[in-house]
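S.K.: Let me give you the structure first, and then I'll get to my questions.
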Amino acid sequence: MASGDSKKKALLYWVNTFVVWGSFIFIGVAYGADLDKKKKNAALGLLVASLTCYYVSEFLSSTRKYLSNRSNTGNIYEYMEKMFYTPMFKVMTIKCYHYEFKKTVNQDSSGKPQVKEEKVRVDTHSATERYYYISWRDISGKFDLDMSGGMGKQERPFVQLHLP
Numbered sequence: 080m081a082s083g084d085s086k087k088k089a090l091l092y093w094v095n096t097f098v099v100w101g102s103f104i105f106i107g108v109a110y111g112a113d114l115d116k117k118k119k120n121a122a123l124g125l126l127v128a129s130l131t132c133y134y135v136s137e138f139l140s141s142t143r144k145y146l147s148n149r150s151n152t153g154n155i156y157e158y159m160e161k162m163f164y165t166p167m168f169k170v171m172t173i174k175c176y177h178y179e180f181k182k183t184v185n186q187d188s189s190g191k192p193q194v195k196e197e198k199v200r201v202d203t204h205s206a207t208e209r210y211y212y213i214s215w216r217d218i219s220g221k222f223d224l225d226m227s228g229g230m231g232k233q234e235r236p237f238v239q240l241h242l243p
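If you count the sequence shown from 1, you need to add 79 to reach our numbering.
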């Protein structure tokens, strides 16, 4: 994701959060000051709309996607064992192409011809193939799971595998 998109999403998140809090304040004022029914309904409608936007943005957030993709650390040993015994493969991709020069002739406003030459890429062939290893041997051995890695003030927590 581009940095500009990230900043726009962060700004949208904060604006939405302020609108939600503003809606709560507006409802408190509308009901506390005993305003007419039309203003109370407007405050309630604003709250419902802002909360809907808030929940939709939270549902689509990268944090929720990350948390839904997490796995249980109790199953890490089974997962790693499955990784050790799964056959390895590599994917090879080729793309063949060449460049052609195309000329276009246009007339400018005074009627003079102007020649424009453009370099265009022409793809002639592409292919992808998986190559499986017939045999392999994992020599990493047993591993220890360390959940205390990176728990300092400036560091992010992570799970570290210690291989002998």
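Every residue, glycine too, gets a C-beta built ideally from N, C-alpha and C.
Grab me the residues of Ala122's own chain with a C-beta within less than 6 Å of its C-beta, minus the 5 sequence neighbours each way, in chain order.
M.R.: Taken in chain order, the residues that qualify are Phe105, Ile106 and Ala109.
S.K.: Check the C-beta distance from Arg209 over to Val184 and give it rounded, since I have them as a contact under 8 Å.
M.R.: Arg209 to Val184, Cβ: 48 Å. No contact.
S.K.: Looking at the unbroken alpha helix (DSSP H) that takes in Ile155, where does it start and where does it end?
M.R.: Unbroken alpha helix (DSSP H) run through Ile155: Ile155 to Tyr164.
S.K.: Mark Ser214 as exposed unless 16 or more other C-beta atoms lie within 10 angstroms of its C-beta, in which case mark it buried.
M.R.: Per the 10 Å Cβ criterion, exposed.
S.K.: If you measure between the beta carbons of Ser136 and Asn95, is that distance less than 7 Å?
M.R.: Yes, Cβ-Cβ distance for Ser136 and Asn95 is below 7 Å.
S.K.: Using CA coordinates, which residue listed in Asp115, Tyr176 and Val99 is at the minimum distance from Ser205?
M.R.: Nearest option by C-alpha distance: Tyr176.
S.K.: Classify Ser274: buried if its beta carbon has 16 or more other beta carbons within 10 angstroms, exposed otherwise.
M.R.: Given that the chain is displayed from residue 80 to residue 243, the structure contains no residue 274 and the question cannot be resolved.
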